[in-house]
Amino acid sequence: MSSPDRRAMLRLVPQTAETYVPSQWFCGHCGSPPPNNETPAPPARVCGDCGLGLLLEARADAAPRPNDPFLIVDGSLHVCALSGESEKLLAVAETDVINRPVTELLTPADAEAAGAESLAAAIMWAARGEDEPSRVMVRPANVFGVRMPLRVGACGPPRAALLVLE
Numbered sequence: 206m207s208s209p210d211r212r213a214m215l216r217l218v219p220q221t222a223e224t225y226v227p228s229q230w231f232c233g234h235c236g237s238p239p240p241n242n243e244t245p246a247p248p249a250r251v252c253g254d255c256g257l258g259l260l261l262e263a264r265a266d267a268a269p270r271p272n273d274p275f276l277i278v279d280g281s282l283h284v285c286a287l288s289g290e291s292e293k294l295l296a297v298a299e300t301d302v303i304n305r306p307v308t309e310l311l312t313p314a315d316a317e318a319a320g321a322e323s324l325a326a327a328i329m330w331a332a333r334g335e336d337e338p339s340r341v342m343v344r345p346a347n348v349f350g351v352r353m354p355l356r357v358g359a360c361g362p363p364r365a366a367l368l369v370l371e
């Protein structure tokens, strides 16, 4: 009962699956990956290079490289970890800024930024698990006239935002 002029009921649609982006484990203090870039066993999540940081996972395009300055910030916008390079760049000690608001260290370079360009919004989206990294311009809270690009992505466990100063 089919006729040649009837259209097929099925048709091809564009692929809707997300593209695969590999993840990368890194130390929350020095940024070094684990040996052989292997997923660490749960009891072995302390960095073998520096012995100071926990190993965290992030998208490969968001993860810091060794010796990159970066911060780990939770969903309440408080600093959870600070890399050694960030300590030098921002002239602070990690022990002095843990559990302090990130705005005591970094502020938006553009006071008018809103929406996705907002520092707070970018951190909140990343801490909630937003997969796509974003970029915002920031400055150190105690310095004027300096602008630094910041890459914001999700990391964990536990879920948090990874802020890499570029």
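Counting in the working numbering, the sequence shown runs from 206 upward without gaps. Glycine is no exception: its CB is placed at the ideal position from the N, C-alpha and C atoms.
With a threshold of 16 other CB atoms inside 10 Å of the CB of residue i, please say whether the residue is buried or exposed.
i: residue 303; result: exposed
i: residue 351; result: exposed
i: residue 321; result: The predicted model places residue 321 with a pLDDT of 49, which falls under 50 and marks its position as unreliable; any figure quoted below should be read in that light. When all chains shown are included, residue 321 counts as exposed.
i: residue 356; result: buried
i: residue 363; result: exposed
i: residue 275; result: buried
i: residue 278; result: buried
i: residue 348; result: exposed
i: residue 281; result: exposed
i: residue 220; result: exposed
i: residue 332; result: buried
i: residue 358; result: buried
Pick out whichever of the options has its Cα sitting closest to the Cα of residue i.
i: residue 166; options: 234, 364, 246, 278; result: In the structure displayed, the chain extends from 206 to 371; residue 166 sits before or after that span and is not available.
i: residue 369; options: 308, 267, 220, 333; result: 267
i: residue 313; options: 345, 236, 295; result: 345
i: residue 310; options: 366, 295, 263; result: 295
i: residue 262; options: 238, 284, 283; result: 238
i: residue 293; options: 273, 307, 283; result: 273
i: residue 254; options: 323, 289, 366; result: 289
i: residue 286; options: 231, 334, 354; result: 231
Could you pull the start and end residues of the beta strand (DSSP E) that residue i belongs to?
i: residue 277; result: 275-278
i: residue 361; result: 353-361
i: residue 311; result: 311-313
From what residue to what residue does the alpha helix (DSSP H) around residue i run?
i: residue 294; result: 289-295
i: residue 302; result: 299-302
Please confirm if the stretch 235-251 is in contact with the stretch 329-348, defined as three or more CB-CB distances below 8 Å between the two stretches.
no
Please specify which runs of the beta strand (DSSP E), each continuous and at least 3 residues long, are wholly inside the stretch 235-270, giving them in chain order.
260-264
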